[in-house]
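Worksheet: the structure to be examined is printed underneath.
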Amino acid sequence: MKEYVMGNGAIALGALKAGVNVACGYPGTPSSEIIETLAKYPHEGLHLEWSVNEKAALEVAAAAAYSGARALVTMKQVGLNVASDPLMSLAYVGVEGGLVVVSADDPGPISSQTEQDTRRFADFARIPVFDPSSPEEAFEMIGDAFAYSEKYKTPVIFRPTTRVDHGYAAIEAPDSYTPKAYEGFRKDAGRFVIFPRLSYRNHGMMEERNVKIGEDFSAYRFNTAEGGPSEKAVLASGVSYKYAKEFLKDHPGVKLIRIATAYPFPESFTLKELAGVKEILCFEELSPYLEEQLLKLSGKHHLPLTVSGKLTGHVPHMGELSADSIALLLKKYLGIDDVLESKQTATPPQLPVRPPVLCAGCPHRASFYAVKKAMAGQKTYYCGDIGCYTLGNSMPLDMVDTCLCMGAGVTMAQGFSHVDGEGKAFAFIGDSTFFASGITGVVNAVFNEADITICILDNSTTAMTGHQPHPGTGINMMGHDAGKISIEKILSGIGLKKIVTVDPLKLDEAMQAVRECADIRGVKAIIFKSPCIAIEKSSKKCTITNACINCKKCIRETGCPALTTAEGKVTIDASLCTGCGLCRQVCPVNAIGGDGDE
Amino acid sequence: MNKDILICGVGGQGTVLASRIIAASAMAEGHVVHSAETIGMAQRGGPVTSHVRIGEDAHSPLIPVGKADIIIGFEPSEVVRNLPYLAEGGLAIVNTTAIKPVTASLTDSGYDGSEMLDHLEKNVSCIFADGDKECQKLGSVKFLNILLLGIAAGSGRLGINRETMESEIEKRVPPKFREANLQAFSQGYEIGKTNEEDKS
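Line by line, the protein sequences are chains A and B.
Start counting the first sequence at 1; every next residue gets the next number (the working numbering).
Start counting the second sequence at 599; every next residue gets the next number (the working numbering).
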């Protein structure tokens, strides 16, 4: 039956159809729903897991693929950086069963640290990459990716972008699941133990093989050309192909070439389609990868071809493309006057800005506030990390001085402590991030005698990406209770100077814990434990009493979105308030309602 | 049928469910549907949009500028933000209750949505609804999304049958809120119908 699913759901359904045996990943927007969808459809016999991080996920999958099983690994583009260590080596070793690494790119970026282009990673690792342009195509293409992986015994990358991952379409959902039958691992040290000799030999093999894959891809069903013949052509990939098509559907005389396999580049297909073309404009998000391939091709074959795109300043390097931006660029390129334009000509009033903020009642707000208050007036370094709590940077909290990548807060705080013996360095890290890449940093801190306070913001979930479970929450993706792994016991095993667990919503106790830890030299940790408000729904509400002097301290200090002003008076939006009581503890005149109970 | 529907609001207002119900209803009536949502960082109190595209002619997952037949707006300034998408002769359904961003509360900039509503009234065809007031009758602001869907359906501009949408709502809301949601839809439907009749 056809079901209306997200692109990520389409990828999951395609993988189930392909009989995937093992699927692992680490949550990251825009990739998270792939693993979640697998759990919702018949999948008995499939090993499914949220791994502790992307590197672990790929290594679990690699062994499954060595055994002949089909394995799927999912992550966002920056997750591939974490998984790059096993990936680069695995490219040399190869696989027996199909192994598909889904790395979702995020042009914009909408929800990421970088605008890196996974197609470059495929080229760097010398392995094939598939680049779908829609959820429907992703559903088909994921099966192709498994087939190519097995045909050439290499891991392959599957690279959707946000608009494909989070686009919705009707997909034929398989009503049953038949896992692929596989033989099991056959020991062969010459094949599976990476040594310089193997790498030398396989390097040559890979380069020769990739030429063959490029030829194979020249006949691949999703490398297409339509429209024309014309002297001016358009080349596009991914969702940009759909945007170009949206405009060119009314201009069928223009040739539109779409490349779905950026690496190995389908040279002979492209050469054939370029016959008679004098000028070509490239639409691709992130980096000018295909544009560079065209330039290479053009040089190699001495083509009389003008290639334009990002490198020539015709297409912007950064951000997303859209149906509108591409329509405008095509209008200029083709000298067409008729173009889609807004009919709204009146100048609108100035729009309010809405930066994302921590939710009303979010315990992270209270944790940040406690540290801020306890350390007021002292020299401090606040090293943030990746998760909802990165939003602690926004005003009025202003509690994130640095944010770099997963787990970096813990280690960067150490760097500050080594170059400044006076300042107090704090690291803020969420529970899921702690398990993903925080633990080694804590070990490093103890071993190298750093002077830091690690604040673990434990809300018992992976909130930012949609509340996935993690080792601290116990229940895994197989639905089994594996037992909660205790952050406190891990820290105590590492041997910290002091470990305190507090409820951040009890402001005085939380501030006391911060002061105590900051005063001791060495590595200390405060576990701020309070569940995510989206998981444990509260019916409590705070209310403003007549005692309110309208000083607005609650708004100025906490920035809670439930606190607002109406006709100059402070009010609490009852639809947002969770009764966390932080504002009640901040109020100088006790004007905020009782004990938080309704 | 080709129809482009843009739903916009602020993270947490329930725009995603509204877009799913429209898409599912259009599919149930045999149409090809695509949609795209804002998910992730932007959800935390930021502006959110859903683009629903009905018909085989839609290639881009996002509606091109100037092509939306209808905007279903959960917040006045968010409708204005997305107004460039509205087609000539398109309809905007606007919840008049403003959501003040934290930045506005901090600086006391006085944003209350009234300027936005003036701009909308002067420039486009709108159906205004006081979401707060209408939802009070229903007992919770949580029904705002279904109320606004009802208005869109009642306006006749969606091109989808009322019964189809009601049946999709029934499938997609928790059983204990089913009646209240259907009532919200019906209440909105009347607003949409009355307003559209007044226009003609």
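Using N, Cα and C, we set each Cβ at its ideal position, and we do this for glycine too.
Remember, it's a predicted structure, so these values are computed and weren't measured experimentally.
I believe residue 724 of chain B touches residue 690 of chain B by the beta-carbon criterion, under 8 Å. Please report the beta-carbon distance rounded to the nearest angstrom. 5 Å
Using C-beta distances below 8 Å, list every residue in its chain close to residue 211 of chain A, excluding the 5 sequence neighbours before and after it, in chain order. 264
Residue ranges of each alpha helix (DSSP H) run of no fewer than 4 residues wholly in the segment 136 to 166 of chain A, ordered along the chain? 162 to 165
Using a Cβ-Cβ distance under 7 Å, would residue 804 of chain B count as near chain A? No statement about residue 804 of chain B is possible, as the shown extent of chain B runs from 599 to 798 and does not include it.
Give the straight-line distance between the Cα atoms of residue 679 of chain B and residue 755 of chain B, rounded to the nearest whole angstrom. 21 Å
Host alpha helix (DSSP H) of residue 777 of chain B (start-end): 776 to 797
So, residue 747 of chain B versus residue 616 of chain B, is the Cβ gap smaller than 7 Å? yes
Pick from A:150, A:206, A:50 and A:49: whose alpha carbon is nearest that of residue 122 of chain A? A:206
Short check: CB of residue 697 of chain B to CB of residue 749 of chain B, under 7 Å? no
Smallest Cα separation from residue 192 of chain A: which of A:65, A:204 and A:318? A:65
Report the residue from A:568, A:567, A:563 and A:33 whose alpha carbon sits nearest the alpha carbon of residue 574 of chain A. A:563
Do the segment 50 to 61 of chain A and the segment 211 to 223 of chain A meet, that is, are 3 or more Cβ pairs less than 8 Å apart? no
Keeping to the same chain, check which residues put their C-beta closer than 6 Å to that of residue 403 of chain A; ignore five residues upstream and five downstream. 384 and 390
Does the beta-carbon distance from residue 13 of chain A to residue 177 of chain A come in below 7 Å? no
Cβ-Cβ separation, residue 368 of chain A to residue 392 of chain A (assumed contact under 8 Å), whole Å: 4 Å
is_contact[residue 170 of chain A, chain B] using C-beta, thresh 7 Å: yes
For residue 117 of chain A, does the three-state DSSP call read helix, strand or coil? coil
Straight-line CA distance for residue 543 of chain A to residue 168 of chain A? 41 Å
Identify every residue that forms a DSSP beta bridge with residue 181 of chain A. Residue 181 of chain A is not bridged to any residue.
Since residue 511 of chain A and residue 373 of chain A should fall inside the 8 Å C-beta cutoff, what is the C-beta to C-beta distance between them, to a whole number of angstroms? 6 Å
Starting from residue 224 of chain A and walking both ways along the beta strand (DSSP E), at which residues does that stretch end? 224 to 226
Strictly below 7 Å CB to CB, what residues from chain B border residue 559 of chain A? 700 and 704
Taking just the CA atoms, how far does residue 129 of chain A sit from residue 437 of chain A? 27 Å
For the segment 63 to 75 of chain A, which residues have a beta carbon sitting closer than 7 Å to at least one beta carbon of chain B? none
Through-space distance from residue 710 of chain B to residue 585 of chain A, alpha-carbon basis: 28 Å
Which residue spans inside the segment 493 to 546 of chain A form an unbroken alpha helix (DSSP H) run of at least 4? 507 to 519
List, in order along the chain, the chain A residues whose C-beta lies closer than 7 Å to that of residue 662 of chain B? 246, 323, 324, 327 and 340
Could you tell me the distance, in whole angstroms, from the CA atom of residue 463 of chain A to the CA atom of residue 471 of chain A? 14 Å
Does DSSP put residue 687 of chain B in a helix, a strand or coil? strand
Among A:497, A:530 and A:536, which has the Cα closest to the Cα of residue 519 of chain A? A:497
At a CB-CB cut-off below 7 Å, which residues of chain B make contact with residue 354 of chain A? 608, 643, 644, 645 and 699
Helix, strand or coil at residue 596 of chain A according to DSSP, with G and I counted as helix: For residue 596 of chain A, the pLDDT reaches just 47, beneath the cut-off of 50, and the residue's location in the model is therefore unreliable, leaving the point undetermined.
Give me, in chain order, the residues of the same chain whose beta-carbon lies closer than 8 Å to that of residue 727 of chain B; leave out the 5 immediate sequence neighbours on both sides. 691, 692, 693, 694, 745, 746, 749, 786 and 789
Can you say whether residue 200 of chain A is buried or exposed, counting buried as having 16 or more other CB atoms within 10 angstroms of its CB? exposed
Using DSSP bridges, identify the partner residues of residue 717 of chain B. Per DSSP, none; premise fails for residue 717 of chain B.
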